[in-house]
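Accompanying notes for the structure given below.
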Amino acid sequence: MANSKHAHLRYNILDEYFRKRAYSFEDLLIALNTALEIHYPDERISVRTLREDLKVFRDNINGFAAPLPEKARILKYSDSSFTIADRPLLDYEQYLIDAAQQLLERFENHPKYDRLAEALLKFQEEEQKQKNENINILFYDHNDEYKGIKFLKPIYHAINNKMVLTITYKGFKDKEVTTYEFHPHVLKQYNNRWFVFGFNDAKNIKNWSIPLDERLIDFKKNKQVIYVKSNTDWHRFFNSMVGIVKPLNSTKERVVLRFYNGREEYFKTKPFHPGYDLFFEIDKKNQVWFDTIINRELVQQILSYGQDVQVLEPKILRIEVAKQIKSMNNLYEH
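Okay, so the sequence shown: first residue is 0 according to numbering that gives the first Met the number 0, each after it adds one.
Written out as structure tokens, the structure reads:
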């Protein structure tokens, strides 16, 4: 078994490569080192290390038993449905996971890591399902069609290592693919999707967002361009709105909502704006207010409460919500 800090990352990258296309050994080494550089800048693996990795993949006892033919001129799975993710954990992998889990459990009740307990439970359940398929206790939101999660780790490392990326992108309504230089600064999750914010060099816009999904076709490190750091207060930036779309030249408005049928209590348990506040007046106990910009995500969140919410302020938001409701109503008149 190869022993290095890159091993597990290399195995995942190689697994993806072997499922998608055929490589010569030399091309595979170049492609693997290019992918690794995003996570570990200026580090490369040797021919010997790659050969050892291939042995692990082919090993039927202490490896992955992958359908990777011996002495073939091209390297590709003979069964494209194979993936090492479906294989049982190797002995040393199980040992490392058990040790890591025990270490993480030390921090389970620490306020800084309040979501760690949830993550550990999810992980434990997945491991139990490997041993007993009938066990299923946790049911949580998961979008099986969301492919953007594969971009999360490399983008995170690009931000951490201050890398400029050449982005290849095509929006759902775009007729042509666009390519531009992008300086990634932060990652933001919204509605079970991830978005990266940063500086768009071509448009000279500093708080540009890119969704991590199929619209992001590819990205590569660009060493020729000097990385531009962000001077944005991201906490203030995100607290100024619901969601991730901030229209140009937008300003914050005072939003007042009135809830019906006790739905204000549901809002309080999971507010779509973290900066909400309550009124002191008894006759306004079913109302909340917050300062935010008006964008489509705000309107969508309000509409999700249906007939149990009313926009009192501002007028521009009342008009927009009413327009949306009228359009929805037109769909059901015939």
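Ideal placement from N, C-alpha and C gives every residue a C-beta, glycine not left out.
For clarity, every value in this text was computed on a predicted model and none was experimentally measured.
Apart from the five residues on each side of it in sequence, which residues of its chain come closer than 8 angstroms, Cβ to Cβ, to Asp-276? Closer than 8 angstroms at the Cβ level, and outside the excluded window around Asp-276, lie Val-287, Trp-288 and Phe-289.
Write down every uninterrupted run of the beta strand (DSSP E) in the region 186-246 whose length is 3 residues or greater and which is fully enclosed by it, in chain order. Look at the region 186-246 and you find these whole runs of beta strand (DSSP E), each 3 residues long or longer: 192-199, 204-210 and 215-220.
What is the DSSP secondary structure of His-5, counted as helix, strand or coil? coil
For Leu-164, write down the residues that DSSP places opposite it in a beta bridge. Phe-181 and Lys-220
Kindly list the residues whose CB is nearer than 6 angstroms to the CB of Ile-318, restricted to its own chain and excluding five residues on each side of it in sequence; keep chain order. Close CB contacts of Ile-318 within its chain, under the 6 angstroms cut and outside five residues either way in sequence, are absent.
Inter-residue Cα distance where the pair is Asn-11 and Leu-28: 14 angstroms
For my contact list, Phe-150 and Leu-215 are in at a C-beta cut-off of 8 angstroms; report their separation, rounded to the angstrom. 6 angstroms
Whole-number beta carbon distance between Asp-232 and Asn-191, since they are thought to touch under 8 angstroms: Asn-191 to Asp-232, Cβ: 26 angstroms. No contact.
As assigned by DSSP and simplified to three states, the class of Met-0: Residue placement at Met-0 is flagged as unreliable, the pLDDT there being 43, under the threshold of 50; the coordinate-derived value follows with that caveat. Correct three-state label for Met-0: coil.
If we count Cβ pairs, one from each stretch, closer than 8 angstroms, do we get three or more for the region 179-199 versus the region 252-260? No, the region 179-199 is not in contact with the region 252-260.
State the beta-bridge partners of Tyr-145 as determined by DSSP. Answer by DSSP bridge pairing: none, since Tyr-145 is not bridged.
Just curious, the beta strand (DSSP E) that Phe-106 is in, first and last residue? Counting along the chain, Phe-106 falls outside any beta strand (DSSP E), and DSSP gives it neither H nor E.
Whose C-beta lies closer than 7 angstroms to the C-beta of His-156 among residues of the same chain, with five residues either side of it excluded? Ile-37 and His-38
Please classify Asn-285 as buried or exposed, where buried requires at least 16 neighbouring CB atoms within 10 angstroms. buried
For Tyr-22, does the three-state DSSP call read helix, strand or coil? DSSP places Tyr-22 within a strand segment (E or B) once states are collapsed to three.
Express the C-alpha separation of Pro-153 and His-272 in angstroms, rounding to a whole number. 29 angstroms
Under 8 angstroms, with one C-beta from each stretch per pair, do the region 64-77 and the region 14-26 reach the 3-pair mark? yes
Helix, strand or coil for Asp-140 per DSSP? coil
Local conformation of Lys-322 per DSSP, three classes: helix
Measuring CA to CA, which of Arg-47, Lys-220, Leu-49 and Phe-17 is closest to Leu-67? Phe-17
Entirely enclosed alpha helix (DSSP H) segments - the region 247-292, minimum 4 residues: 262-268
Quick check on DSSP: helix, strand or coil for Val-176? DSSP places Val-176 in coil when its eight states are reduced to three.
Close-in-space but distant-in-sequence residues of the same chain around Glu-213 (CB under 7 angstroms, 5 per side omitted): Lys-146
Could you give the DSSP three-state label for Glu-332: helix, strand or coil? Three-state DSSP puts Glu-332 in coil, outside helix and strand.
For Glu-36, the three-state DSSP class (helix, strand or coil): helix
Helix, strand or coil, according to DSSP, for Glu-312 in the structure here? strand
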